[in-house]
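What follows is a set of notes on a single structure, which appears directly below.
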Amino acid sequence: MLEPNVNSDWFLQNLGRQHDHEILSIESVNVSTIDEITRERRLDLHFLKIDVEGMEYQVLKGAEETLAKVLGMRVEVSFEEVFKGSRRFWEVAEYLNFQEFKLMNLDYIGRGLPKSYFCPSESRFGIISSSDAIFLRKNYEELTDHQRASIVLFCFQNSLEDVAVYLLSDRKLNFPSLGKLGDFIEMRFLEGSNKLLYLPNESFLQAKADYEEIFQREFPDKGKFWPYIHSLNEKIFAT
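Just remember that the working numbering sits 1194 ahead of the position in the sequence shown, which is counted from 1.
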């Protein structure tokens, strides 16, 4: 939708993208807003994933009605003008803040676009050009159990496990009434707990205690762990 900015770091980097900005053809297409589509199809959207090469701000502006019901979203944001006329991260974040969303984190691990071969640090180098940003609705108090559980699972799926457990501990949910959604949350909690087992602190013991408080059952320890995970997996993905 937008013309590539050939002078941006994204296209100047030496990673085989020197020809990605070439325009091979131009055509006209009809477009709709998210609000128009949700009204026409009577959709009730709770989560959004937006990655549209510089048009994220415009897509969000066309979703003002829908955003009132959205609980969380993953949006690609740019810190430079990769495409001419595209809005940058701070403009997207300001708009979503006005729409009552909170920036939770950036899906960025410190590895940016390298400007030369000299990157002795394998964890942090280069320039951050773009990233996915994770946003959650600010107010949780008025949500139903099902909505709250949906946010919890979204957090588990988007590297916000600490937020997920905070929300689980903050208000008890009726897991039997949540069906597969509850099973999926339980499986993600257990998988995360297993990783805490190898950390040099008492996080694993706290996770076991929290599990028994939240899910109202004994933690499947030692030889029971993987068979129980397998049984949850079968329940979730059974046809």
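Built from N, CA and C at the ideal position, the CB exists for glycine as well.
Contact under 8 Å by Cβ, residue i with residue j
| i | j | result |
| --- | --- | --- |
| Gly1256 | Thr1227 | yes |
| Phe1273 | Glu1197 | no |
| Leu1391 | Phe1383 | no |
| Asp1404 | Val1359 | yes |
| Leu1388 | Leu1354 | Checking the sequence shown, residue 1388 turns out to be Asn, not Leu. Contact: no. |
| Glu1288 | Asn1333 | no |
| Phe1369 | Phe1409 | yes |
| Leu1239 | Lys1263 | yes |
| Phe1292 | Ala1327 | no |
Option nearest residue i by Cα separation, candidates the options
| i | options | result |
| --- | --- | --- |
| Ser1310 | Leu1206, Lys1429, Ile1423 | Leu1206 |
| Gln1351 | Ser1363, Lys1332, Met1381 | Met1381 |
| Ser1363 | Ala1327, Leu1372, Gln1400 | Gln1400 |
| Tyr1422 | Leu1242, Asp1377, Arg1235, Asn1395 | Asp1377 |
| Phe1431 | Asp1415, Phe1413, Leu1375 | Leu1375 |
Outcome for residue i when other beta-carbon atoms lying within 10 angstroms are tallied against a minimum of 16
| i | result |
| --- | --- |
| Asn1199 | buried |
| Ser1425 | exposed |
| Glu1406 | exposed |
| Glu1316 | exposed |
| Ile1302 | Reading off the sequence shown, one finds Tyr at residue 1302, where the question assumed Ile. Looking at its Cβ environment, which holds fewer than 16 other Cβ atoms inside 10 Å, Tyr1302 is exposed. |
| Arg1235 | exposed |
| Gly1373 | exposed |
| Ser1344 | buried |
Where residue i falls: helix, strand or coil (DSSP)
| i | result |
| --- | --- |
| Asp1245 | coil |
| Val1225 | coil |
| Val1271 | strand |
| Phe1413 | coil |
| Phe1312 | coil |
The ligand GTP heavy atom lying under 7 Å from the CB of residue i
| i | result |
| --- | --- |
| Arg1281 | As for the ligand GTP, it is missing from this structure, which has no ligand bound. |
May I ask you to verify whether the region 1217 to 1225 touches the region 1329 to 1348, counting CB pairs closer than 8 Å and requiring at least 3? no
Below 8 Å, can you find three or more Cβ-Cβ pairs linking the region 1249 to 1269 to the region 1318 to 1325? no
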